[in-house]
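Numbering (this note's numbering), first residue to last: 6 to 103. For every residue, glycine included, the Cβ atom is placed at its ideal position computed from N, Cα and C. Remember, predicted model here, so these are calculated numbers, not experimental data. Taking it in order: structure first as structure tokens, then the write-up.
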């Protein structure tokens with residue numbers, strides 16, 4: 006008998022972070038999830054700014070600054086892709102025949 010496949014770690018973390026608490030699909034609050042994701046993104050960007058400032062001042066380790074910058078870059082890329090998908094979906098809705 007084969008062992009079940011483990012969940013992909015980033016997906017599991019995302020499910021935990023955005024409230025997979027036993028409510029199924031439509032029962033969750035999508036607006037709250039989007040708001041939480043936006044706040045988490047802003048917190049990541051602010052953390053990167055603070056870490057970069059500490060790096061310039063000489064109180065942060067170089068590795069810490071690089072990791073914060075990489076996290077900020079990944080966050081910006083993710084948010085940009087989400088924005089593009091939302092705009093694309095909106096444009097598809099506008100093109101629908103009434």
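TODO: Output the distance between the C-alpha atoms of residue 56 and residue 98, rounded to the nearest integer angstrom.
DONE: 42 Å
TODO: Could you tell me whether the region 45-62 touches the region 79-88, using the rule of 3 or more Cβ pairs below 8 Å?
DONE: yes
Open item on the list: Measuring only the C-alpha atoms, how far is residue 90 from residue 50?
Closed with: 21 Å
TODO: Let me know the secondary structure DSSP gives residue 101 once reduced to three states.
DONE: coil
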